[in-house]
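Asks: In terms of my numbering, the first sequence opens at residue 11 and continues consecutively.
This is the structure, below, for whatever I ask next.
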Amino acid sequence: MAYQAPKGTRDVTPAESYRWQYVENLIRRTTAKYGFLEARTPVIEHTELFLRSVGDTTDVVQKEMYTFQDKGGRSITLKPEGTAGTVRMFVEHGLFSETMPLKTYYLNCPVFRYERPQAGRLREHHQFGVELFGAPQPSADAEVISLAYDIFTSLGATDLTVKLNSIGCPKCRSNYQTALKAYLEQYRDELCEDCRIRLEKNPLRVLDCKVESCKKITAMAPHTMDYVCNECKAHMHEVQGYLSAVGIPFEMDPMLVRGLDYYTRTVFEIVYDAAGAQGTLCGGGRYDGLVKQIGGPEVPAVGFGLGIERLLLYLDQTGKSIPEPPAMDMLIFGMDDAGKNKAFQLTKALRDAGYSADTDHVGRSVKANMKYAGKSKARFVLIIGENELTTGIGNVKNMETGEQESTALSVEGIINLIGGKGNE
RNA sequence: GUGGGCGUAGUUCAGCCUGGUUAGAAUGUCAGAUUGUGGCUCUGAAGGUCGUGGGUUCGAAUCCCGUCGCCCACCCCA
Numbered sequence: 011m012a013y014q015a016p017k018g019t020r021d022v023t024p025a026e027s028y029r030w031q032y033v034e035n036l037i038r039r040t041t042a043k044y045g046f047l048e049a050r051t052p053v054i055e056h057t058e059l060f061l062r063s064v065g066d067t068t069d070v071v072q073k074e075m076y077t078f079q080d081k082g083g084r085s086i087t088l089k090p091e092g093t094a095g096t097v098r099m100f101v102e103h104g105l106f107s108e109t110m111p112l113k114t115y116y117l118n119c120p121v122f123r124y125e126r127p128q129a130g131r132l133r134e135h136h137q138f139g140v141e142l143f144g145a146p147q148p149s150a151d152a153e154v155i156s157l158a159y160d161i162f163t164s165l166g167a168t169d170l171t172v173k174l175n176s177i178g179c180p181k182c183r184s185n186y187q188t189a190l191k192a193y194l195e196q197y198r199d200e201l202c203e204d205c206r207i208r209l210e211k212n213p214l215r216v217l218d219c220k221v222e223s224c225k226k227i228t229a230m231a232p233h234t235m236d237y238v239c240n241e242c243k244a245h246m247h248e249v250q251g252y253l254s255a256v257g258i259p260f261e262m263d264p265m266l267v268r269g270l271d272y273y274t275r276t277v278f279e280i281v282y283d284a285a286g287a288q289g290t291l292c293g294g295g296r297y298d299g300l301v302k303q304i305g306g307p308e309v310p311a312v313g314f315g316l317g318i319e320r321l322l323l324y325l326d327q328t329g330k331s332i333p334e335p336p337a338m339d340m341l342i343f344g345m346d347d348a349g350k351n352k353a354f355q356l357t358k359a360l361r362d363a364g365y366s367a368d369t370d371h372v373g374r375s376v377k378a379n380m381k382y383a384g385k386s387k388a389r390f391v392l393i394i395g396e397n398e399l400t401t402g403i404g405n406v407k408n409m410e411t412g413e414q415e416s417t418a419l420s421v422e423g424i425i426n427l428i429g430g431k432g433n434e
């Protein structure tokens, strides 16, 4: 094979793009209902932006970024997640001066992380994400969770869990970190090698460890919710109240911390029992300090990211089907040069009238064209030969019933026979 | 970064252990089964430097070594 797509990247072939488009359309309809407007930001950003926002001790930044120097000597990075760029845009364009809240989303945003690919994990994947700026109220947290949940349920999901936790604000998080660290220190020798390092650098991360021996230790570890300040606690309780009010089931998960540094208070994930291990479909939370962190005023915000590839994989794995794209309304074939010319002309006229139509560009026989029509699931077929041209009358075949009806070789006549469009 | 599995027609795979005539199947593609009509069936055709380089051997898809690639799991995350 001469060339292959780079490791960890995937093509979306013409045959499968309709699945993407179906999900995209659903997302656009849903975000519109919630009042979010799309934003598009560059695929590349200054590396510095991610160091500041995602956090320079995180795995994403430390070992997974596609970073390079451009010809002007600038350090540039392919975005590893969607929030940083959106926040940069928010600050750069002074959007904080507009009426708050500002609700925005990005769709099909390519994100890049240099990792070993596996099921549900790629080096380039595409995200849909939402950011709600300038809304400090707990209802905002519930609003974005509700938006994500709506999309999943619209796709037929009934087997998802919303996991929720609060990691506190900068003021109270340190209380918890000290408590957690003190607790973990007791078991230092029993922790895995990675966790002993985590213990020093970012103790919260130990809670995420999947090693059995560490799990045993963390199971008894202090919970963030017992240490966060009263404001943070109240905030979390209100989020829960709003979720309950709209019937969204959730589960508190004291082990949920997430790997991006900018989160404050609410963090959440929407997960399923994956065949493999990549069960997180959606992850997000509140990031009240981030806008200021990258040069804006103090503006609270909350949002999430959702991987499209992983979502499609989930739909596949759990047998949730996506409707097939509408069939071609009509195929028109000519038998000789004059017939082909007429077929070409009628095809165009049908398209002008809003129908989907096609004709033969390969030079197939009548039989072969019929086969083609059957396979491509066209709704109607018209074949134009000498007879049709001399009489001006042709037979339109209904491919589903096999019946033929004659009509004048005109768009009006054809439309009269085939009725409405397939995509309506 | 660590560990495991696998590279043979467009696709999914068999053959490899126990080296030996023109490397198979299914599916897909194309053509045909009397004159201008699909789905089923039947027939035929095209399609492979057996990932790649080297070694062993009279002889390698098959055995050995290197290399590249893919997949899966850990880690992390969407």
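Yeah, the Cβ is synthetic: ideal placement off N, Cα and C, and Gly gets one too.
(1) Quick one, are the C-beta atoms of residue 273 and residue 232 less than 7 Å apart?
(2) According to DSSP, which residues form a beta bridge with residue 407?
(3) Helix, strand or coil for residue 227, going by three-state DSSP, please let me know.
(4) Return the chain-ordered ranges of every beta strand (DSSP E) run that is complete within the segment 11-94 and spans a minimum of 3 residues.
(5) State the Cα-Cα distance for the pair residue 159 and residue 138, rounded to the nearest angstrom.
(6) Given a threshold of 16 other Cβ atoms within 10 Å of its Cβ, counted over all protein chains shown, does residue 133 qualify as buried or as exposed?
(7) As a quick exercise: from 187, 433, 105 and 430, pick the residue whose alpha carbon is nearest that of residue 238.
(8) Only counting the same chain, and skipping five residues up and downstream in sequence, which positions put a Cβ closer than 7 Å to that of residue 34?
(9) Which whole-angstrom value describes the C-beta separation of residue 161 and residue 40, a residue pair presumed to lie in contact below a C-beta threshold of 8 Å?
(10) How would you label residue 293, buried or exposed, when you count the other beta carbons within 10 angstroms and need 16 or more for buried?
(11) Using a threshold of 7 Å, state whether the C-beta atoms of residue 280 and residue 170 are closer than that.
(12) Looking only at its own chain, which residues have a Cβ that is under 6 Å from the Cβ of residue 365, when we skip the five neighbours before and after it?
(13) From the DSSP output, in three-state form, read off residue 424 for me.
(14) If you compare alpha carbons, which of 201, 57, 19 and 89 is closest to residue 50?
(15) Report buried or exposed for residue 305, applying the criterion of at least 16 other Cβ atoms within 10 angstroms of its Cβ.
(16) Which residue from 268, 175 and 283 puts its Cα closest to that of residue 244?
(17) Measuring straight from C-alpha to C-alpha, what distance separates residue 334 and residue 62?
Replies: Let's see:
(1) As a first step, residue 273 must be located in the first sequence, where it is residue number 263. As a first step, residue 232 must be located in the first sequence, where it is residue number 222. Going by C-beta atoms, residue 273 is not nearer than 7 Å to residue 232.
(2) As a working note, residue 407 is residue 397 in the first sequence. DSSP output for residue 407 lists 391 and 414 as bridge partner(s).
(3) As a first step, residue 227 is located in the first sequence; it is residue number 217 there, counting from the start. Per DSSP, reduced to three states, the secondary structure at residue 227 is helical.
(4) 54-56, 76-79 and 85-88
(5) Here residue 159 corresponds to residue number 149 of the first sequence, with the count starting at 1. Here residue 138 corresponds to residue number 128 of the first sequence, with the count starting at 1. Roughly 13 Å separates the two Cα atoms.
(6) Here the question's residue 133 lines up with position 123 in the first sequence. Only buried fits residue 133, as 16 or more other CB atoms lie within 10 angstroms of its CB.
(7) Taking the first sequence and counting its residues from 1, one reaches residue 238 at position 228. The shortest Cα separation from residue 238 among 187, 433, 105 and 430 belongs to 187.
(8) As a position in the first sequence, residue 34 is number 24, starting the count at 1. A distance below 7 Å between beta-carbons, with the five flanking residues on each side excluded, links residue 34 to the following residues of its chain, in chain order: 117 and 118.
(9) Walking along the first sequence from the start, residue 161 turns up at place 151. Walking along the first sequence from the start, residue 40 turns up at place 30. Confirmed, Cβ separation roughly 5 Å.
(10) Walking along the first sequence from the start, residue 293 turns up at place 283. Answer is buried; the Cβ neighbour count reaches 16.
(11) The residue you call residue 280 lines up with position 270 of the first sequence. The residue you call residue 170 lines up with position 160 of the first sequence. Yes, they are a contact pair.
(12) One-based indexing of the first sequence puts residue 365 at position 355. Contacts found: 339 and 431.
(13) The sequence position of residue 424 within the first sequence is 414, counting from 1. Here residue 424 sits in helix by DSSP.
(14) Along the first sequence, one-based indexing puts residue 50 at 40. Checked all of 201, 57, 19 and 89; the closest Cα to residue 50 is 89.
(15) Counted from its first residue, the first sequence places residue 305 at position 295. Classification of residue 305: exposed, given that the 10 Å Cβ count is below 16.
(16) On the first sequence, position 234 is the one that residue 244 refers to. Taking only the C-alpha atoms, the option nearest residue 244 is 175.
(17) If you number the first sequence from 1, residue 334 lands on position 324. If you number the first sequence from 1, residue 62 lands on position 52. The alpha-carbon atoms of residue 334 and residue 62 are separated by roughly 44 Å.
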